[in-house]
Amino acid sequence: MKEEKIFQVSEFNEYINIYLGKVGDVVIEGEIVECKVNQGKWLFVTIKDDISSVKVFAVTFKISGYSVLEPGMLVHVYGTPNLYSKTGEFSVYAKQIVPAGEGALRLAFEKLKEKLK
Numbered sequence: 001m002k003e004e005k006i007f008q009v010s011e012f013n014e015y016i017n018i019y020l021g022k023v024g025d026v027v028i029e030g031e032i033v034e035c036k037v038n039q040g041k042w043l044f045v046t047i048k049d050d051i052s053s054v055k056v057f058a059v060t061f062k063i064s065g066y067s068v069l070e071p072g073m074l075v076h077v078y079g080t081p082n083l084y085s086k087t088g089e090f091s092v093y094a095k096q097i098v099p100a101g102e103g104a105l106r107l108a109f110e111k112l113k114e115k116l117k
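End of the sequence shown sits at 117 in UniProt numbering; the numbers just go up one at a time, nothing left out.
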């Protein structure tokens, strides 16, 4: 009989995260459902389509124009899949989040223009 590998929870989460890292960079299109900044440096976004949702996190100083992101906006998230070992929560670590489509770009530009007035 083959001996089973028994993982501790943290070992299992780290093991799965290694495999997720092999997926590499992805681009995901979705509508922002929730968008918040924590401690001025962590950006947390949830995006969805008609069937599913996924959590996205990023460091604010790496995401240009994050202040124009808001619920209802269609975006493209460029990032890598990630499993937070401590909680086992799946998310995408974003390297870039940009409004999708011509209308969204105009909307983002107009909102930024208003903020700068």
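Glycine included, every Cβ here is placed at the ideal spot set by N, Cα and C.
Helix, strand or coil at residue i according to DSSP, with G and I counted as helix
{"i": "G79", "result": "strand"}
{"i": "E70", "result": "coil"}
{"i": "G65", "result": "coil"}
{"i": "E114", "result": "helix"}
Residues bridged to residue i (per DSSP)
{"i": "S53", "result": "K48"}
{"i": "E89", "result": "Y84"}
{"i": "I97", "result": "V77"}
{"i": "L43", "result": "V37, A58"}
Segment limits, beta strand (DSSP E) that includes residue i
{"i": "G21", "result": "Here G21 belongs to no beta strand (DSSP E); instead the alpha helix (DSSP H) covers 9-21."}
{"i": "K36", "result": "26-38"}
Counted within 10 angstroms of its Cβ, other Cβ atoms place residue i as buried (16 or more) or exposed
{"i": "N38", "result": "exposed"}
{"i": "G30", "result": "buried"}
{"i": "I63", "result": "buried"}
{"i": "L112", "result": "exposed"}
{"i": "L83", "result": "buried"}
{"i": "P71", "result": "exposed"}
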